[in-house]
Amino acid sequence: MSEGSPGTGKWTVAFSVLSGTFMAVMDISVVNVALPHMMGTFASDLNAITWVATSYSIAQIITATMAGWLVTLIGRKRLLMLSYAVFILGSILAGTSQTFTQMLIYRTLQGIGGGCIIPISQAILREAFPPREQGMAMALYGMGVVLAPAIGPILGGWLTDNYGWPWIFYINVPICLFGLLTVEAFVEDPPYLRRGVSRVDGLGIVLLATGLTAMQIVLEHGQQVNWFESDFIIAGTVITVISLTALVFWELHVEEPVVNLRLLKNVPLAAGSSIGLVFGIGLFGTTFIIPEFTQQLLGYTAYDSGMVLLPRAAAIFLMMPLVGWLYRYLDARLLVLVGIGLIFWSYYALYGLSLGADFHAMAVPLVLMGLGMPFMFVTLTTISLSEIPKADMTEASSLYNMMRFVGGNIGYAVVATLVANYSQVHRALLIKNATPLSPAFESAEAHASAFMYHYGFTAPDASRHALALINGQIDRQSALLAYNDVSIVLGWLFLGMIPFLLLLPGRHAGTEDGAPVAAE
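Heads up: take any position in the sequence shown, counting from 1, add 94, and you land on this note's numbering.
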């Protein structure tokens, strides 16, 4: 059944695999709004509690990258069903965690299960739909992969505020159980999949796990310890570089690699994966920066900050099938260019936000972003794998998704670092004007002191509190300017991807073996 059948067969397969994909991807972002509540439950500080997200990300990216090799080892359907089962078990256990150690173990288990679901689902979808409907297949896939991070903060905030943080994990169970049962009933392994390995690539597995684990830790925790001022981050960076460099050399020479890097000789896959990395930076960077901006500077609750992302999610949902249909008729490079243009426009609009920004002011740029993302994601996901033989589809999907995962983690790290650094720069510039020689500062201090005196403070206390109030306003204004700067940096990053479009094929009709009939 993996190649689909007439009538409703392909749609049944699609919903079978997408249910798990949506939840596995959403679990990357759904915990972010619940972390402050978990801090109280586990008596942990902010630096420690972020490992709840890190442990999941590490396990997920490792297993997602190994998915192609694991399919060869135990079979695709068997691996997918096992992944669903492990993800469900990890979700149940995570919701029942009583200690911080238990939470980390169970989140790792969740990540192990969720990692393989994502690339396997993509490969199955490409086979279930005929060549002329590949754009629509990847539009469906995009609803799981792109829509899920946008929905995560909304659903997570609502569940946390109304039912408690364990329900952000329990919600996975019925949806993934549906996926498990329908996969067992409707999905079968096609005959062309390679079966069995003659030799386990033990060194490759060790290098992959070591390199990706060290990279995740460095990216997600570097900002907390001021990056290379920490010996821990320096050591992690050295381990990352050595392990991943050795991995590339080893995997290109071993006969049965755990990661088939030779597939990157395919130019559309290599170019599409590179653009996908930047897409991951923008998608997850924005998913991080908007809730932070609204909660820290505008005073939103976790649920309200998640709702700010709802317009983007709605635009993504509406545009995905439309772009999937347009893919059949328009040049792929043009579609990606339209997406880049819309996303840059959205970041430029976010660049102009102020501390008085209301929901409408934020909704407009986020809708633009939601309109642009499907143009990039659907097209890139389809065209990147358009020349890959079906036997290699899961391995190629693993590589493509790995780049997007890495981009997402880079996005979190880059955004957090830039906000912190730009805030310091802007604060230093603003403080220069906060002197008795500045008429504006004197006026602000006088008004603030009068306000404090009116509410019962003595004159010395009123003056001291007035200065503290002004200092707080300077901090908020510095942070605002930093968030604006980060928005324009992300926008220019997307524009920098335009030259890569020259490496993508134009027309994209395909044959049953995945190779294009014609490319212009």
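Note that CB positions come from ideal geometry on N, CA and C, so glycine has one too.
Quiz prompt | Given K359 as reference, the closest of S191, V119, L493 once Cα atoms are compared | solution = Along the sequence shown, one-based indexing puts residue 359 at 265. Measuring from the Cα of K359, the nearest candidate turns out to be L493.
Quiz item: Nearest to S110 by CA position, among L271, G505, M133, N266, is which residue?
Solution: Position 16 of the sequence shown, counting from 1, holds the residue named residue 110. Closest in C-alpha terms to S110, from the list L271, G505, M133, N266, comes L271.
Exercise. Find the nearest neighbour of I155 within the set V432, G251, P213, D325, judged by alpha-carbon distance.
Key: To locate residue 155, count along the sequence shown from 1; it is residue 61. Considering only V432, G251, P213, D325, the residue with the shortest C-alpha distance to I155 is P213.
Quiz item: Are the stretch 243-258 and the stretch 389-405 in contact at 8 Å, needing three or more beta carbon pairs?
Solution: Judged by Cβ distances under 8 Å, the stretch 243-258 makes contact with the stretch 389-405, as three or more pairs qualify.
Quiz item: Helix or strand or just coil, what does DSSP make of I265?
Solution: Reading the sequence shown from its first residue, position 171 is the one you call residue 265. Looking at I265 - three-state DSSP - the assignment turns out to be coil, as it is neither helix nor strand.
Quiz item: Hey, is the stretch 506-518 in contact with the stretch 572-579, meaning 3+ C-beta pairs nearer than 8 Å?
Solution: By the Cβ test, the stretch 506-518 is in contact with the stretch 572-579, since at least three Cβ pairs between them sit closer than 8 Å.
Exercise. Please say whether R293 and E350 have beta carbons closer to each other than 7 Å?
Key: Translated into positions along the sequence shown, residue 350 becomes position 256. Translated into positions along the sequence shown, residue 293 becomes position 199. A contact, by the Cβ cut-off of 7 Å.
Quiz item: Hey, would you say G298 sits closer than 7 Å to W252, going by beta carbons?
Solution: As a position in the sequence shown, residue 298 is number 204, starting the count at 1. As a position in the sequence shown, residue 252 is number 158, starting the count at 1. Between G298 and W252, the C-beta spacing is not below 7 Å.
Quiz item: Taking the alpha helix (DSSP H) that H131 falls in, what are its first and last residues?
Solution: Working through the sequence shown from its first residue, we reach residue 131 at position 37. Counting along the chain, the unbroken alpha helix (DSSP H) around H131 starts and ends at 129-136.
Practice problem: Could you name the residues of the same chain whose beta carbon sits closer than 7 Å to that of I410, not counting the 5 residues immediately before and after it, in chain order? | Solution: Numbered from its first residue, the sequence shown carries residue 410 at position 316. V240, L241, A244, G464, M467, P468.
Quiz item: Less than 7 Å separating the beta-carbons of I311 and G296?
Solution: For the purposes of this step, residue 311 is identified with residue 217 of the sequence shown, where counting begins at 1. For the purposes of this step, residue 296 is identified with residue 202 of the sequence shown, where counting begins at 1. Contact flag unset, no.
Quiz item: Given L460, which residues of its chain have a CB within under 6 Å of its CB, disregarding the five upstream and five downstream residues?
Solution: In the sequence shown, counting from the first residue as 1, residue 460 sits at position 366. Only P405, R406 meet the Cβ criterion.
Quiz item: What distance in whole Å lies between the Cβ atoms of V125 and A153, which are believed to be in contact at a cut-off of 8 Å?
Solution: Position 59 of the sequence shown, counted from the first residue, corresponds to residue 153. Position 31 of the sequence shown, counted from the first residue, corresponds to residue 125. Actually they are not in contact, since the Cβ atoms of A153 and V125 sit about 14 Å apart, beyond 8 Å.
Practice problem: Would you grab the beta carbon distance between Y178 and G114 for me? Rounded to a whole angstrom, and I think it's under 8 Å. | Solution: As a working note, residue 178 is residue 84 in the sequence shown. As a working note, residue 114 is residue 20 in the sequence shown. Going by Cβ atoms, the distance from Y178 to G114 rounds to 5 Å, so yes, they are a contact pair.
Quiz prompt | Burial state of K526 (16 or more Cβ within 10 Å) | solution = Translated into positions along the sequence shown, residue 526 becomes position 432. Under this definition K526 is an exposed residue.
Exercise. Could you spell out where the alpha helix (DSSP H) holding A153 opens and where it closes?
Key: Mapped onto the sequence shown, residue 153 falls at position 59. Under the DSSP assignment, A153 falls in the alpha helix (DSSP H) whose first and last residues are 145-168.
Quiz item: Thinking just about the alpha-carbon of each residue, which of I186, L198, L187, Q192 is nearest to the one in I143?
Solution: The residue labelled residue 143 in the question sits at position 49 within the sequence shown. Closest option to I143, Cα to Cα, is L198.
Quiz item: What are the boundary residues of the alpha helix (DSSP H) that E314 is part of?
Solution: Start at 1 with the first residue of the sequence shown, and residue 314 comes out as number 220. Segment 296-315, the alpha helix (DSSP H) holding E314.
Exercise. State the start and end residues of the unbroken alpha helix (DSSP H) segment that holds Q518.
Key: In the sequence shown, the residue the question calls residue 518 occupies position 424. Looking at the DSSP string, the run of the alpha helix (DSSP H) that includes Q518 is 487-525.
Exercise. Counting only runs of 3+ residues fully inside the stretch 359-425, write out the beta strand (DSSP E) ranges in chain order.
Key: Contiguous beta strand (DSSP E) elements confined to the stretch 359-425 do not occur, taking only those with 3 or more residues.
Quiz item: Can you give the Cα-Cα distance for S185 and W259, rounded to whole angstroms?
Solution: Working through the sequence shown from its first residue, we reach residue 185 at position 91. Working through the sequence shown from its first residue, we reach residue 259 at position 165. Roughly 12 Å between the two C-alpha positions.
Quiz prompt | Distance, L524 Cα to T202 Cα | solution = On the sequence shown, residue 202 is found 108 positions in, with the first residue counted as 1. On the sequence shown, residue 524 is found 430 positions in, with the first residue counted as 1. Spanning the alpha carbons of T202 and L524 requires a straight line of approximately 44 Å.
Quiz item: Just reading off the alpha helix (DSSP H) that I122 is part of, what are its end residues?
Solution: Stepping through the sequence shown from its first residue, residue 122 is reached at position 28. Element bounds for I122: 103-123.
Exercise. Have a look at F438 and M497 and give me their C-alpha separation to the nearest angstrom.
Key: The residue given as residue 438 occupies position 344 in the sequence shown. The residue given as residue 497 occupies position 403 in the sequence shown. In a straight line, the C-alpha of F438 is about 21 Å away from that of M497.
Exercise. Could you pull out every unbroken beta strand (DSSP E) segment of at least 3 residues lying fully inside the stretch 429-493, listed in chain order?
Key: Within the stretch 429-493, no complete beta strand (DSSP E) run reaches 3 residues.
Quiz item: Going straight from the alpha carbon of S337 to that of M309, what length do you get?
Solution: Taking the sequence shown and counting its residues from 1, one reaches residue 337 at position 243. Taking the sequence shown and counting its residues from 1, one reaches residue 309 at position 215. Near 10 Å, if we compare the C-alpha coordinates of M309 and S337.
Quiz item: Applying the criterion that 16 or more other CB atoms from any shown protein chain within 10 Å of the CB defines a buried residue, is L596 buried or exposed?
Solution: What you label residue 596 is simply residue 502 of the sequence shown in a count that begins at 1. So L596 ends up on the exposed side.
Self-check item: Rounded separation between S448 and T511 - CA only
Solution: Along the sequence shown, read from residue 1 onward, the residue named residue 448 stands at position 354. Along the sequence shown, read from residue 1 onward, the residue named residue 511 stands at position 417. A straight line joining the alpha-carbon of S448 with that of T511 spans about 21 Å.
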